[in-house]
Structure formats: C-alpha cells, structure tokens
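In terms of numbering that gives the first Met the number 0, the sequence shown opens at residue 0 and continues consecutively. We put the CB at the ideal spot given by N, CA and C, even for glycine. Some notes on the structure that comes next.
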Amino acid sequence: MMQKSYSKEFKESVIKKMMPPNGVSVPQLCKETGVSDVTLYQWRKEYRNRVIAVPEDSSKAR
C-alpha cells in the first residue's frame, strides 16, 4: 500500500486542530482533510510523545 506523503506544515496544522482549544475530533478531521483516521491517530500519538516531557515516566528510563 502506497503511503501518502504530507508536508510538515499540513501535518502540524491538522494536529493543531486536534489539540485544545480546538479539539476537533478525528472522524471530523478525516472528513475535512481526507487523511485516514489511522494516520491521524498516529500523528496525534507522535505529537503527544514529542510534546510531553517524559521524566515522570520511569518505564522509558535509559
């Protein structure tokens, strides 16, 4: 299956819509952007992993 490539700018603009204060739902963004829900959930997960400083998560300790 060919994976579509989205620009960093597009990806970040979509992620911003998912996050507070906007809080647009993933199904709604699928309709608006044509991006699959699987992809959107993945982006959101990656974003949260990047943004959240993880010192409190001891399971990720080196």
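Ends of the alpha helix (DSSP H) at residue i?
i	result
Ser4	Here Ser4 belongs to no alpha helix (DSSP H), and DSSP marks it neither H nor E.
Asn48	36–50
Val25	25–32
Are the beta-carbon atoms of residue i and residue j separated by less than 8 Å?
i	j	result
Val63	Trp42	Residue numbering for the chain in the displayed model covers 0 to 61; residue 63 lies beyond these limits and cannot be assessed.
Pick out whichever of the options has its Cα sitting closest to the Cα of residue i.
i	options	result
Leu39	Asn21, Lys7, Pro26, Arg49	Pro26
Return the chain-ordered list of same chain residues with a C-beta closer than 8 Å to the C-beta of residue i, the five sequence neighbours on each side being excluded.
i	result
Ser35	Cys29
Ala60	Below a pLDDT of 50, predicted positions are generally treated as unreliable, and Ala60, at 47, falls in that range; the measurement from the model is reported next regardless. Counting only Cβ-Cβ distances below 8 Å, and skipping sequence neighbours, we find nothing.
Beta-carbon within less than 7 Å of residue i's beta-carbon, same chain only, minus the 5 sequence neighbours each way: which residues are those?
i	result
Lys16	Val23, Leu28
Thr32	Val13
Beta-carbon within less than 6 Å of residue i's beta-carbon, same chain only, minus the 5 sequence neighbours each way: which residues are those?
i	result
Lys3	none
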